[in-house]
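>
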């Protein structure tokens, strides 16, 4: 299961990198504007898989979540609901509702920072931390490809969700300069 979730996390990281590159250019933003509904559904998928994976690791795998893992869960779980409601609102077609930014970005950005901090704690354990001895934050429950641990998976998931929120709320005319046509 850890190899499968690590591969999914790397895929989420690839989505984040490609999405960030598209967001960085005017033509890329124009392309993303046509994929808003898909970005919301993909954001829902990332959040749902991350939530299911964290539950599997603790409830089936028997891994004891550390303090930072709990904070990351607290930030990821609501995103399933936020994206789920947005993706399947009855009777409406998603139109790039900018309030999605304010509902999802605080969770994803704080989760991104926290999981990044947690990952570097695992890479440099000599820093010490205030985590519980019974569930140390430096414990490597998963170590795929020599660097993909649970905090790295969370980081990649939060990165993908952050980029997908921005992609889902990009304006229709974001890639068009005055007088140009959208191709």
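Residue numbers (this note's numbering): 685 to 867. Every residue, glycine too, gets a C-beta built ideally from N, C-alpha and C.
What distance in whole Å lies between the Cβ atoms of residue 756 and residue 795, which are believed to be in contact at a cut-off of 8 Å?
Numbered from its first residue, the chain shown carries residue 795 at position 111. Numbered from its first residue, the chain shown carries residue 756 at position 72. With 8 Å as the limit, residue 795 and residue 756 qualify as a contact, their Cβ atoms being about 6 Å apart.
> Nearest-angstrom Cα distance between residue 865 and residue 694?
Here residue 865 corresponds to residue number 181 of the chain shown, with the count starting at 1. Here residue 694 corresponds to residue number 10 of the chain shown, with the count starting at 1. With a pLDDT of 45 at residue 865, under the threshold of 50, the modelled position of that residue is not reliable, and no figure is offered here.
> Taking contact to mean 3 or more Cβ pairs, one atom from each stretch, closer than 8 Å, check whether the segment 741-754 and the segment 718-729 are in contact.
no
> Spatial neighbours of residue 697 within its chain, please: C-beta separation below 6 Å, excluding the five flanking residues on both sides.
For the purposes of this step, residue 697 is taken as the residue at position 13 of the chain shown. Only 840 meet the Cβ criterion.
> Among the residues of its own chain, which have a CB less than 8 Å from the CB of residue 846, if the five just before and after it don't count?
Residue mapping note: residue 846 aligns to position 162 of the chain shown, counting from 1. Non-local beta-carbon contacts of residue 846 in its own chain, meaning distances under 8 Å to residues more than five positions away in sequence, involve 700, 789, 792, 793 and 796 in chain order.
> Classify residue 806 as buried or exposed, calling it buried when 16 or more other Cβ atoms lie within 10 Å of its own Cβ.
Mapped onto the chain shown, residue 806 falls at position 122. The residue is buried, with at least 16 neighbouring Cβ atoms inside 10 Å.
> Taking only three categories from DSSP, how would you classify residue 849?
Looking up residue 849 in the chain shown gives position 165. Note: residue 849 maps to helix in three-state DSSP.
> Where do the ends of the alpha helix (DSSP H) carrying residue 815 lie?
On the chain shown, residue 815 is found 131 positions in, with the first residue counted as 1. No alpha helix (DSSP H) contains residue 815, which DSSP labels as neither H nor E.
> Does the beta-carbon distance from residue 724 to residue 767 come in below 8 Å?
Indexing the chain shown from 1 puts residue 724 at position 40. Indexing the chain shown from 1 puts residue 767 at position 83. Yes; because the gap between Cβ atoms is below 8 Å, this pair is in contact.
> Could you give the DSSP three-state label for residue 733: helix, strand or coil?
Here residue 733 corresponds to residue number 49 of the chain shown, with the count starting at 1. It is helical.
> Report the three-state DSSP secondary structure of residue 776 (helix, strand or coil).
Counting from one through the chain shown, the residue named residue 776 turns up at place 92. With a pLDDT of only 49 at residue 776, under 50, the local geometry of the prediction cannot be trusted, and no value is derived from it.
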